[in-house]
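**Q** Have a look at the structure that comes next, please.
Residue numbers (our numbering): 172 to 568.
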């Protein structure tokens, strides 16, 4: 393995692979500048509401990779790793929503990030998929926690500062933000954390650009805040990932939240289900819907994160199921697993365990996933027999 005694400057883009620390990569940029004031610029973008970066591996590509600061280990589709004939290096234990799983690891060589930063080797864990359309992998938190840099979503840039960032006026400092979690094994990279206050109560949260929502809290914290209450309107939201399924949570509206010196009125909060296994040494997650309202800048030596609010919120969309239904496949049947309080489905009389007749699972999901104002007609069989129900998709939270 490479020498682990290199200094902070040498670790320009140590990209958070399992077992990949202390690498002295080669980096380049048209915007490099003179020593003492160098900056390396790589391009990023938004695709389907997610932050992505085009990367090349061994001169092949580019391939879109998700920028996922919630991950301690970078990942790649197994299919792409085999297509590129990447070296298999072993296995890594990874923790996700459904618990822990053992994943194979690969060594990618000569990786260029967004046409800017370059690294000689990056270790990546393999997954069968699950990154979403057009995305072939995920880059972990080390791209921000290994070296001073900016994730500037507004400008479409990831900037690395080999000599330290010269100025952060206009930013708010979050102390003790760069931390290693005892659950992150195999020399995985530190991740980003910060405090968010929900309805006046402060929570220590993982800052996760790979999570699409704004804020999520554990079931226990949701109950204490009275956000998990059958009388409160909610949209059911299932979860799955590494380790399997995390059960069904609830998207609700809190009264207010504060992060990075900014107050948000009536934000959406996902309260995770009681069987969700993703809880670790943090109270919840601050996701991209909130983080993209800020420019993020890391100060590695001080283990601090600086955040700067900006006004680019025009494309920030609140997302939840407008039917209020959560469907599951039970063998060949499509069953209702949850119905949100106050939702169109609840108003139409759809109940948990009802069966959707005449549609396979994919067709049923597509039918309830339309635009606001769309009328949905479903053939439903339940305890009281078969019936036809009509509901209109609409925001109800």
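We treat Cβ as the ideally placed atom computed from N, Cα and C, and that holds for glycine.
Which residues mark the beginning and the end of the beta strand (DSSP E) in which residue 253 is found?
**A** Locating residue 253 in the chain shown gives position 82, counting from the first residue. Careful: residue 253 lies outside any beta strand (DSSP E), inside the alpha helix (DSSP H) at 249–254.
**Q** Could you give the DSSP three-state label for residue 475: helix, strand or coil?
**A** Counting from one through the chain shown, the residue named residue 475 turns up at place 304. Strand.
**Q** For the putative contact between residue 553 and residue 534, defined by C-beta atoms under 8 angstroms, what is the C-beta separation to the nearest angstrom?
**A** Position 382 of the chain shown, counted from the start, is the residue given in the question as residue 553. Position 363 of the chain shown, counted from the start, is the residue given in the question as residue 534. Between residue 534 and residue 553 the Cβ distance is about 20 angstroms, and since that is not below 8 angstroms, they are no contact.
**Q** Starting from residue 323 and walking both ways along the beta strand (DSSP E), at which residues does that stretch end?
**A** The residue given as residue 323 occupies position 152 in the chain shown. Counting along the chain, the beta strand (DSSP E) containing residue 323 begins and ends at 320–323.
**Q** Looking only at DSSP bridge pairs, what is residue 310 linked to?
**A** For this step, residue 310 is matched to residue 139 along the chain shown. Beta-bridge pairing links residue 310 to 238.
**Q** In the DSSP assignment, find the beta strand (DSSP E) that holds residue 364 and state where it starts and stops.
**A** As a position in the chain shown, residue 364 is number 193, starting the count at 1. That run of the beta strand (DSSP E) goes 362–369.
**Q** According to DSSP, which residues form a beta bridge with residue 279?
**A** By 1-based counting over the chain shown, the position of residue 279 is 108. In the DSSP output, where bridge partners are listed per residue, residue 279 has 293.
**Q** Reducing DSSP to helix, strand and coil, say where residue 233 ends up.
**A** Sequence index remark: in the chain shown, residue 233 carries index 62 (1-based). Residue 233: strand per DSSP, three-state reduction.
**Q** How would you call residue 569, buried or exposed, if buried means at least 16 neighbouring beta carbons within 10 angstroms?
**A** Limits of the chain in this structure are 172 at one end and 568 at the other, which puts residue 569 out of reach.
**Q** For residue 568, does the three-state DSSP call read helix, strand or coil?
**A** Stepping through the chain shown from its first residue, residue 568 is reached at position 397. It is coil, neither helix nor strand.
**Q** Any idea if residue 248 is buried or exposed, counting beta-carbon neighbours within 10 angstroms, 16 or more meaning buried?
**A** As a working mapping, residue 248 is identified with position 77 in the chain shown. Flag for residue 248 reads buried.
**Q** With DSSP collapsed to three states, give me the class of residue 553.
**A** Residue mapping note: residue 553 aligns to position 382 of the chain shown, counting from 1. Looking at residue 553 - three-state DSSP - the assignment turns out to be strand.
**Q** Between the C-alpha atoms of residue 360 and residue 562, what's the straight-line distance to the nearest angstrom?
**A** In the chain shown, residue 360 corresponds to position 189, counting from 1. In the chain shown, residue 562 corresponds to position 391, counting from 1. Cα to Cα, the separation comes out at about 47 angstroms.
**Q** Buried or exposed for residue 515, please, with buried defined as at least 16 other CB atoms from any protein chain shown within 10 angstroms of its CB.
**A** Taking the chain shown and counting its residues from 1, the one referred to as residue 515 is at position 344. Buried: at least 16 other Cβ atoms inside 10 Å.
**Q** The alpha helix (DSSP H) with residue 394 in it runs from where to where?
**A** What you label residue 394 is simply residue 223 of the chain shown in a count that begins at 1. Element bounds for residue 394: 390–395.
**Q** Would you check if there are 3 or more beta carbon pairs closer than 8 angstroms linking the region 390–410 to the region 343–351?
**A** No: the two stretches stay apart, fewer than three of their Cβ pairs being nearer than 8 angstroms.
**Q** Using 10 angstroms around the beta-carbon of residue 466, count the other beta-carbons present and answer buried if the total reaches 16, otherwise exposed.
**A** The residue you call residue 466 lines up with position 295 of the chain shown. When all chains shown are included, residue 466 counts as buried.
**Q** Just to confirm, is the Cβ distance from residue 564 to residue 545 under 8 angstroms?
**A** For this step, residue 564 is matched to residue 393 along the chain shown. For this step, residue 545 is matched to residue 374 along the chain shown. Contact: yes.
**Q** Who does residue 510 pair with in a DSSP beta bridge?
**A** Locating residue 510 in the chain shown gives position 339, counting from the first residue. Partner(s): 496.
**Q** Grouping DSSP H, G and I as helix and E and B as strand, with all else coil, what is residue 561?
**A** To locate residue 561, count along the chain shown from 1; it is residue 390. Residue 561: strand per DSSP, three-state reduction.
**Q** Compare the C-alpha of residue 454 against each of 402, 260 and 368 and name the closest.
**A** Reading the chain shown from its first residue, position 283 is the one you call residue 454. Ranking the options by Cα distance to residue 454, first place goes to 368.
**Q** Contact between the region 275–293 and the region 207–214: three or more CB pairs below 8 angstroms?
**A** Touching, yes.
**Q** Assuming residue 337 is part of the beta strand (DSSP E), what are its boundary residues?
**A** For the purposes of this step, residue 337 is taken as residue 166 along the chain shown, with counting starting at 1. Segment: none, residue 337 is in no beta strand (DSSP E) and carries neither H nor E.
**Q** Tell me whether residue 532 sits in a helix, a strand or coil according to DSSP, three-state version.
**A** For the purposes of this step, residue 532 is identified with residue 361 of the chain shown, where counting begins at 1. DSSP places residue 532 in helix when its eight states are reduced to three.
**Q** Using beta carbons (cut-off 8 angstroms, strictly below), is residue 258 in contact with chain B?
**A** The structure shown contains no chain B; it is built from a single protein chain.
**Q** With DSSP as the reference, identify every bridge partner of residue 328, one or two as the case may be.
**A** Numbered from 1 along the chain shown, position 157 holds the residue referred to as residue 328. Answer is 214 and 323, bridged to residue 328.
**Q** Residue 531: buried (16+ other C-beta within 10 angstroms of its C-beta) or exposed?
**A** Within the chain shown, numbered from 1, the residue matching residue 531 stands at position 360. It is exposed - the Cβ of residue 531 has fewer than 16 other Cβ atoms within 10 Å.
**Q** Could you check which residue in 383, 365 and 382 has the C-alpha nearest to that of residue 375?
**A** For the purposes of this step, residue 375 is identified with residue 204 of the chain shown, where counting begins at 1. Minimum Cα distance to residue 375 is reached at 365.
**Q** On a Cα-Cα basis, can you pick out the residue from 424, 400 and 407 that is closest to residue 385?
**A** Position 214 of the chain shown, counted from the first residue, corresponds to residue 385. When only C-alpha atoms are compared, the closest one is 424.
**Q** To the nearest angstrom, how far is the alpha carbon of residue 221 from that of residue 558?
**A** The residue given as residue 221 occupies position 50 in the chain shown. The residue given as residue 558 occupies position 387 in the chain shown. About 40 angstroms.
**Q** Do residue 246 and residue 320 have their C-beta atoms closer together than 8 angstroms?
**A** Position 75 of the chain shown, counting from 1, holds the residue named residue 246. Position 149 of the chain shown, counting from 1, holds the residue named residue 320. Against a cut-off of 8 angstroms, the Cβ pair of residue 320 and residue 246 comes out as no contact.
**Q** Under 7 angstroms Cβ to Cβ from residue 262, same chain only, skipping five residues before and after it: list those, please.
**A** Sequence index remark: in the chain shown, residue 262 carries index 91 (1-based). 273, 274, 275 and 276, listed in sequence order.
**Q** So, for residue 491: in the same chain, excluding its five sequence neighbours on each side, which residues have a beta-carbon less than 6 angstroms away from its beta-carbon?
**A** Residue numbering aside, residue 491 sits at position 320 when the chain shown is read from its first letter. Closer than 6 angstroms at the Cβ level, and outside the excluded window around residue 491, lie 406 and 422.
**Q** What is the DSSP secondary structure of residue 455, counted as helix, strand or coil?
**A** For this step, residue 455 is matched to residue 284 along the chain shown. Strand, per DSSP.
**Q** Please name the residue or residues paired with residue 481 in a DSSP beta bridge.
**A** Counted from its first residue, the chain shown places residue 481 at position 310. Bridge partners of residue 481: none, in fact.
**Q** If you reduce the DSSP assignment to three classes, tell me which class residue 538 lands in.
**A** By one-based count along the chain shown, residue 538 stands at place 367. Note: residue 538 maps to helix in three-state DSSP.
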